[in-house]
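Undergrad: Below is one structure. I have some questions about it.
Numbering (this note's numbering), first residue to last: 14 to 303.
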């Protein structure tokens with residue numbers, strides 16, 4: 014299987030992975046990973062794969078197995094840390110003082126309106142500084158595969174939204190704005206994060222079919238947050254370009270609209286100059302999870 018994007022620093026020694034951080038981001042539609050040096054936060058390797066979802070209902074595990082087979086980096090079982098971001102549709106945020114681990118599945122049931130199936134279970138990640146837990150669903154088969162792939166390593170599994178929340182918490186990411194709305198675009202979904210004076214206030218994900226849907230959801234969120242669109246700094250990340258219909262539609266309502274950049278804590282070499290700076294914000298945010 015060939016990656017749609019492959020960026021590699023020639024100086025990286027694929028036989029010496031035990032001092033590096035492996036960051037994985039996976040969903041039913043795609044798989045991405047990057048290799049980061051802890052301490053310097055220098056990124057040495059990035060690959061992005063897209064799966065043919067029309068061919069099978071669940072291509073993730075077969076695709077992962079095909080990608081991992083004889084891969085020069087992913088075949089290594091020894092890393093300093095491994096962080097996995099799961100881009101599953103079911104997630105919710107629970108204040109830490111209300112969170113109980115044994116009720117994780119029930120939190121998701123309240124959010125989605127139906128219980129978890131027998132093929133999935135609930136996990137949680139604590140955002141200690143922000144004082145809430147991110148609860149999300151993950152397939153049993155995926156956790157079994159991860160345990161078998163990295164049997165001797167402790168792995169940290171999070172939801173993609175946790176990586177976005179972590180990355181938008183950086184001081185320079187606030188962009189000197191007291192009201193900041195960050196949008197991270199994937200295939201027909203957008204994750205919305207609102208920060209006021211740098212303080213986390215809101216996170217949710219919406220599915221949309223066209224730019225009209227998108228604008229409606231965003232304006233609805235802004236209205237519920239009792240904020241004037243003209244006062245907001247709207248920052249875009251992920252799968253969106255200045256030529257996209259969504260950008261043109263949002264620009265009509267949000268005069269302070271701009272594309273974001275990769276987290277400043279991460280050091281990108283010239284090998285990464287060919288990709289838009291806002292594109293892999295969630296994957297880079299995974300590298301900042303502690």
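We treat Cβ as the ideally placed atom computed from N, Cα and C, and that holds for glycine.
Put residue 92 into one of helix, strand or coil per three-state DSSP.
TA: DSSP places residue 92 in coil when its eight states are reduced to three.
Undergrad: Taking buried to mean at least 16 other C-beta atoms within 10 Å of its own C-beta, is residue 233 buried or exposed?
TA: Result: exposed.
Undergrad: On the criterion of 16 or more Cβ atoms from any shown chain inside 10 Å, does residue 4 qualify as buried, or is it exposed?
TA: Residue 4 is absent from the model: the chain starts at 14 and stops at 303.
Undergrad: How big is the Cα-Cα spacing for residue 149 and residue 287?
TA: If I take the Cα positions, the gap works out to 33 Å.
Undergrad: Where does residue 191 sit, in a helix, a strand or coil, going by DSSP?
TA: Here residue 191 sits in coil by DSSP.
Undergrad: Using the beta-carbon count (16 or more within 10 Å), is residue 30 buried or exposed?
TA: Buried: at least 16 other Cβ atoms inside 10 Å.
Undergrad: Is it true that the CB of residue 62 sits closer than 8 Å to the CB of residue 80?
TA: In this structure, residue 62 lies closer than 8 Å to residue 80 by Cβ.
Undergrad: Go through its chain and collect everything with a Cβ distance to residue 262's Cβ below 7 Å, but skip five positions before and after it.
TA: 224, 227 and 228, listed in sequence order.
Undergrad: Taking residue 217 as part of the beta strand (DSSP E), name the residues at either end of that continuous run.
TA: From DSSP, the beta strand (DSSP E) with residue 217 extends over 212-220.
Undergrad: Would you identify the three-state DSSP class for residue 42, choosing helix, strand or coil?
TA: Residue 42 falls in the coil class under three-state DSSP.
Undergrad: From the DSSP output, in three-state form, read off residue 85 for me.
TA: Here residue 85 sits in coil by DSSP.
Undergrad: Could you name the residues of the same chain whose beta carbon sits closer than 8 Å to that of residue 134, not counting the 5 residues immediately before and after it, in chain order?
TA: Result list for residue 134: 118, 150, 151, 153 and 156, in chain order.
Undergrad: Are residue 34 and residue 94 closer than 8 Å when you measure CB to CB?
TA: Result yes, Cβ atoms of residue 34 and residue 94 sit closer than 8 Å.
Undergrad: My understanding is that residue 298 touches residue 179, with C-beta atoms under 8 Å, so please give their C-beta distance in whole angstroms.
TA: Yes, they are in contact, since the Cβ atoms of residue 298 and residue 179 sit about 5 Å apart, within 8 Å.
Undergrad: Closer than 8 Å by C-beta to residue 214: which residues in its own chain qualify, once you throw out the five before and the five after it? Chain order, please.
TA: Excluding sequence neighbours, residue 214 sits near 207, 208 and 238.
Undergrad: Starting from residue 207, follow the alpha helix (DSSP H) in both directions and report where the run begins and ends.
TA: Counting along the chain, residue 207 falls outside any alpha helix (DSSP H), though it belongs to the beta strand (DSSP E) covering 202-209.
Undergrad: Could you compute how far the alpha carbon of residue 230 sits from the alpha carbon of residue 83?
TA: So the alpha carbons of these two residues sit roughly 44 Å apart.
Undergrad: Which two residues bound the contiguous beta strand (DSSP E) that contains residue 63?
TA: Taken as a continuous stretch (DSSP letters only), the beta strand (DSSP E) holding residue 63 covers 55-63.
Undergrad: By Cβ distance, which residues of its chain are closer than 6 Å to residue 89, with the 5 residues on each side in sequence left out?
TA: So the list reads 30, once near-sequence residues are dropped.
Undergrad: If residue 294 and residue 250 are in contact, beta carbons under 8 Å, what's the gap, nearest whole angstrom?
TA: So it is a contact: roughly 4 Å between Cβ atoms.
Undergrad: If we ignore side chains and look at the alpha-carbon of each, how far apart do residue 97 and residue 74 end up?
TA: The straight-line gap from Cα to Cα measures roughly 14 Å.
Undergrad: Would you give the residue range spanned by the beta strand (DSSP E) that residue 150 belongs to?
TA: Unbroken beta strand (DSSP E) run through residue 150: 145-152.
Undergrad: Between the Cα of residue 145 and those of 105, 217, 181 and 235, spot the shortest distance and give me the residue it belongs to.
TA: If we check each option's Cα against that of residue 145, 105 comes out closest.
Undergrad: Roughly how many angstroms lie between the CA atoms of residue 14 and residue 111, to the nearest whole one?
TA: Roughly 44 Å separates the two Cα atoms.
Undergrad: For residue 65, which residues in the same chain have their Cβ closer than 6 Å to its Cβ, ignoring the five residues on either side in sequence?
TA: Excluding residues within five positions, none has a Cβ falling inside 6 Å.
Undergrad: Taking only the alpha-carbon atoms, compute the straight-line gap between residue 141 and residue 147 and give it to the nearest angstrom.
TA: Using only the alpha carbons, I get a separation of about 11 Å.
Undergrad: When the Cα of residue 278 is compared with those of 247, 51, 203 and 137, which residue comes out closest?
TA: Measuring from the Cα of residue 278, the nearest candidate turns out to be 51.
Undergrad: Taking the alpha-carbon positions, what's the residue 114 to residue 159 distance?
TA: Rounded to the nearest angstrom, the two C-alpha atoms are 21 Å apart.
Undergrad: When DSSP labels each residue in this structure, what does residue 239 get in the three-state scheme?
TA: Coil, per DSSP.
Undergrad: Since residue 284 is in the beta strand (DSSP E), which residue starts that stretch and which ends it?
TA: Segment: none, residue 284 is in no beta strand (DSSP E) and carries neither H nor E.
Undergrad: Considering only residues of the same chain and omitting the five flanking positions on each side of residue 267, which have a CB-CB separation below 7 Å?
TA: Closer than 7 Å at the Cβ level, and outside the excluded window around residue 267, lie 242, 245 and 247.
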